[in-house]
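Trainee:
In this note's numbering, the protein residues as written are 21 to 256.
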């Protein structure tokens, strides 16, 4: 941000006019497809683990795959989402980054084939946070983001309950909801990728209110109340 006008005093000194400023924005590729697609392999491995697709020996590779694949890509999507001025998506992707990192490290430490009450409490806390984020998605007119967050909340709450109870029924339910989560994330990733490349909606993702205006209306809409956004206003 830089001053757009200046005042020249009698002594020759130049003072920027604090009432007029220039805010410079940089276009970037949408991080939504990357963030949503990253959830698919990571979510599929966790669901497969809960549905008994892997032997205990094969399951040892899951933490390494999540740490090597999901964490760096999800972190990249998180940073780009905040740079794109989307606190909701950035926060959601950031929480997913933390979940994958914590699950991967816990899996390396204690394994992934036995239940862990500490991990259960962690999953329940994350599920609660995602439930609160869902309200932000609905309020902002982002039904697709809200759907991913809702599915993520349900899958982590069930995963937490399984870690605490060791119930095979809860484990299976968590795995099934995990597959639903994977399907929703894959759809949102494809829909947002097509939207960003074609510059128009090809698959419905439920944009409304400000989220729809950001796509359908002109440049002036994007600058509405920008002086109140983080990075422009003086304080967070």
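Backbone N, C-alpha and C define an ideal beta-carbon position, used for all residues, glycine too. Since this is a predicted model, take the numbers as computed values, not measurements.
Taking the straight line between their C-alpha atoms, what separation do you get for residue 55 and residue 196?
Mentor: Cα to Cα, residue 55 sits roughly 22 Å from residue 196.
Trainee: For residue 111, which residues in the same chain have their Cβ closer than 6 Å to its Cβ, ignoring the five residues on either side in sequence?
Mentor: Once the five neighbours on either side are set aside, residue 111 has no close Cβ partner at all.
Trainee: Leaving out five residues before and five after residue 133 in sequence, what residues of the same chain have Cβ atoms less than 7 Å from its Cβ?
Mentor: Answer for residue 133: 76, 79, listed in chain order.
Trainee: Quick one: is residue 83 buried, meaning 16 or more other Cβ sit within 10 Å of its Cβ, or exposed?
Mentor: Answer is buried; the Cβ neighbour count reaches 16.
Trainee: Quick check on DSSP: helix, strand or coil for residue 23?
Mentor: In this prediction, residue 23 scores a pLDDT of 45, lower than 50, which makes its location untrustworthy; the coordinate-derived value is nonetheless stated afterwards. In this structure, residue 23 counts as strand in the three-state DSSP scheme.
Trainee: Are any of the Cβ atoms in chain B nearer than 7 Å to that of residue 217?
Mentor: This model lacks chain B altogether, as it is built from one protein chain only.
Trainee: Report all residues from its chain with a CB closer than 8 Å to the CB of residue 168; omit the five preceding and five following residues, and keep chain order.
Mentor: Counting only Cβ-Cβ distances below 8 Å, and skipping sequence neighbours, we find 56, 59, 112, 201, 204, 205, 208.
Trainee: Hey, which unbroken runs of the alpha helix (DSSP H) at 4 residues or more fall wholly within the region 162–202?
Mentor: Within the region 162–202, the complete alpha helix (DSSP H) runs of at least 4 residues are 163–185.
Trainee: Quick one: what's got a C-beta closer than 6 Å to residue 150's C-beta in the same chain, skipping five residues either side?
Mentor: Contacts found: 169, 172, 173.
Trainee: Tell me whether residue 180 is buried or exposed, calling it buried when 16 or more other Cβ atoms sit within 10 Å of its Cβ.
Mentor: That one is buried.
Trainee: Which one of 165, 163, 124 has the shortest CA to CA distance from residue 89?
Mentor: With distances taken between Cα atoms, residue 89 lies closest to 124.
Trainee: How would you write the range of the alpha helix (DSSP H) that residue 267 sits in, first residue to last?
Mentor: Since the first residue of the chain shown is 21 and the last is 256, residue 267 is not available in this structure.
Trainee: Does the distance from the C-beta atom of residue 97 to that of residue 51 stay below 7 Å?
Mentor: Contact flag set, yes.
Trainee: What does the alpha-carbon distance come out to for the pair residue 155 and residue 166?
Mentor: The alpha-carbon atoms of residue 155 and residue 166 are separated by roughly 8 Å.
Trainee: Taking just the CA atoms, how far does residue 221 sit from residue 86?
Mentor: Approximately 31 Å between the Cα atoms of the pair.
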